[in-house]
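Here the structure is laid out as structure tokens; the discussion comes afterwards.
Chains as they are written, first to last, in our numbering: chain A, 5 to 331; chain B, 555 to 897.
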């Protein structure tokens, strides 16, 4: 089943969270963060995962890395099912898959120098014969991400947001992983710095032959970096396609509305008046059938009966919508 | 002197030569320097910049919300034309006078609605409070007005929402409540500081539409503080770009976006990905970082990051503001010798 060029494969992945209802204003019940997601990520590609808050895109990324536990379904990494592996079984895989977070500051120990933060994973995975070799590796990593050797002895608070993200990236590539989940890595950065980090990610992707799951809410950033793009809405993939096909010829009403909502940079340009009405429904009480139907201008009664399957409608282009007659 | 806008009327807000500093352990740090902006009735001015540019501080100063000390208005005036036509300098108002103006003549909304909504007070009472305070109406009438305001900002079933607490609403709905509160007294100026930055793009589109609609309806002016060039293009009549405490370019929106002149504004436009850029495009990042305000560069603040910096000029001379085209102002010593802009 597993094609040789597939690095990550998800089969019917579900991630549900049970809430007790004990919290402030909380409701008891099951939150379906990720529902029945199947997709594969090819070796060397950047798969963009786009969605709004609450879409489940970050949870999906974390589930692939086993940072959250899938409820059911399978995660295959390089052909091996890692879904139910124990901590020790998972250890060798940890080295091969890494993560870059939105806020590297919260991922760095404020009392640890950058040198120590970068040496730690090398020690845990027993890389480098001795401390001199490891230190040399740290210096290589710093140059690789555009920082100076002199930065090694500094603490996280001494760096700007962009520099911290460079450190976060250095830490992620320290173990020479094959696969990185980058979760909103440029969202907290100023525009001028964002472009620097995007350039760095592109450069490292080429140099280190990385496979990337690039998670973001920013449609322009996603297109700039991705080969293929998957759109999530309320825990499900509603459309997946090569990047150009998705942006030039979106087939799901949600994708279309999402693209239309991005303000144009041309002054006076009239937005396509397809402003979505309403809010995301509560993930505790999803509509029956297609979960987008409560906001979809094209919904018909059949949309309420069953969840539309994600079906391929053109080579590599799949959508989860029963209406084939609208676009 | 500033040229009048096309309609020729006088501005409702005219900020002149505003400089703001903050006291720090190592002495006073300049946050805003020599800022000039004017806002006319019904017009949207976008104040654009990245973090640390001074754009938010400028907005807060106009609203009288800078804590002093450590802040200090070093110099400048903010001339406000009241409903009665009288001109007052906002920086000379007492705290009580400023408070009276806020919420009646000047409304404000922020990025994070939870910071301006009271979590333990019902939505209805919060919106009604502004109406009672500034218009002296009874609670009952103010609550009716509040429900009408909630309906106006597109909150479904407003009469029932009056009894809700903020945490019961989604982020987009909270933003609407904050807008309803800000607009409840029909302000003549709305200061909106990144009001859509924390929102999803589909909700952002709703809120931008809402503000534009209310602006048309109420004829209010909007000072839109933002870093998002897409938001600028879709809302602004006029743009002022701030870098490191100074306005480096200001012009009608179309000119600022289609004929940007200052190398920083050009860099911003070139470094932000657009929806039509696929993976074959290459963005031009602006090298380096924002300068440390405690140790600002000599000469032009932007020269260490500028591709066009000329030695012997840009690191020694702080450029003055010059008009490069009618009503198009740029603070760059090389403004007239730069190559033409290509997108």
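C-beta: ideal position from N, C-alpha, C; glycine also. It should be emphasised that the depicted structure is a prediction, and the values quoted were computed from it without experimental measurement.
Identification of residues in the segment 725–759 of chain B having a C-beta nearer than 8 Å to some C-beta of chain A yields 725, 726, 727, 754, 755, 756, 757, 758 and 759, given in sequence order. Neighbours of residue 821 of chain B in chain A, taken as residues whose beta carbon is under 7 Å from its own, are 196 in chain order. Going by C-alpha positions, residue 879 of chain B is about 14 Å away from residue 792 of chain B. The way I'd put it, the segment 220–237 of chain A doesn't touch the segment 855–868 of chain B; fewer than three beta-carbon pairs between them come closer than 8 Å. Non-local beta-carbon contacts of residue 569 of chain B in its own chain, meaning distances under 8 Å to residues more than five positions away in sequence, involve 589, 590, 591, 592, 612, 616, 630, 631, 632 and 633 in chain order. Under DSSP, residue 77 of chain A forms no beta bridge with any residue. Rounded to whole angstroms, residue 849 of chain B and residue 581 of chain B show a C-alpha spacing of 11 Å.
Between the segment 50–62 of chain A and the segment 208–225 of chain A there are three or more C-beta pairs closer than 8 Å, enough to call the two in contact. Shown here for residue 250 of chain A: same chain residues with a beta carbon closer than 7 Å to its own, the five before and five after excluded, namely 233, 243 and 259 in chain order. Residue pairing by DSSP leaves residue 88 of chain A without any beta bridge partner. With its beta carbon less than 8 Å from one in chain B, residue 228 of chain A belongs to the interface. Its chain contains 153 and 156 as the residues whose beta carbon lies nearer than 8 Å to that of residue 143 of chain A, once the 5 sequence neighbours on both sides are disregarded; these appear in chain order.
By the neighbour-count criterion, in which a residue is buried when 16 or more other Cβ atoms sit within 10 angstroms of its Cβ, residue 774 of chain B is buried.
No residue range can be given for residue 896 of chain B, since it is assigned to no beta strand (DSSP E) and is classified by DSSP as neither H nor E. Burial check for residue 175 of chain A: the Cβ neighbour count within 10 Å reaches 16 or more, so the residue is buried. Non-local beta-carbon contacts of residue 20 of chain A in its own chain, meaning distances under 6 Å to residues more than five positions away in sequence, involve 34, 36 and 75 in chain order.
What residue 785 of chain B touches in chain A, judged by beta-carbon distance under 7 Å, is 267, going in chain order. Excluding the 5 residues flanking it on each side, residue 169 of chain A has same chain C-beta neighbours closer than 7 Å at 108, 189, 193 and 201, in chain order. At least one CB atom of chain A sits nearer than 8 Å to the CB of residue 837 of chain B.
Counting only the Cα atoms, residue 657 of chain B lies some 12 Å from residue 651 of chain B. Note on geometry: alpha-carbon atoms of residue 262 of chain A and residue 222 of chain A lie some 10 Å from one another. Secondary structure note for residue 805 of chain B: its beta strand (DSSP E) is the uninterrupted segment 800–806. In the DSSP assignment, residue 195 of chain A falls within the unbroken alpha helix (DSSP H) covering 195–212.
When secondary structure is reduced to three states using DSSP, residue 131 of chain A falls in the coil class, being assigned neither helix nor strand.
B:636 is the residue among B:862, B:625 and B:636 whose C-alpha sits nearest the C-alpha of residue 566 of chain B. Where residue 652 of chain B is concerned, the enclosing alpha helix (DSSP H) starts and stops at 649–655. From the beta-carbon of residue 200 of chain A, the residues of chain B found nearer than 7 Å are 839.
Within the same chain, and ignoring the five residues on either side of residue 642 of chain B in sequence, the residues whose Cβ sits closer than 8 Å to its Cβ are 633, 634 and 636.
The C-beta distance from residue 750 of chain B to residue 600 of chain B rounds to 13 Å, too long to meet the 8 Å contact threshold. Listed along chain B is no residue with a C-beta nearer than 7 Å to that of residue 328 of chain A; the closest approach is about 24 Å. Contact check for residue 14 of chain A against residue 103 of chain A fails: the beta carbons are separated by 8 Å or more. A straight-line Cα-Cα distance of about 45 Å links residue 826 of chain B and residue 696 of chain B.
Proximity of residue 223 of chain A to chain B, defined by a Cβ-Cβ separation below 8 Å, is satisfied. Closer than 7 Å at the C-beta level to chain B, one finds these residues of the segment 47–67 of chain A: 56 and 57. Contact check between the segment 783–800 of chain B and the segment 309–322 of chain A: fewer than three CB pairs, one atom from each, fall below 8 Å, which does not count as touching. Along the length of the segment 741–804 of chain B, whole beta strand (DSSP E) runs at least 3 residues long occupy 743–747, 775–780 and 792–797, reported in chain order.
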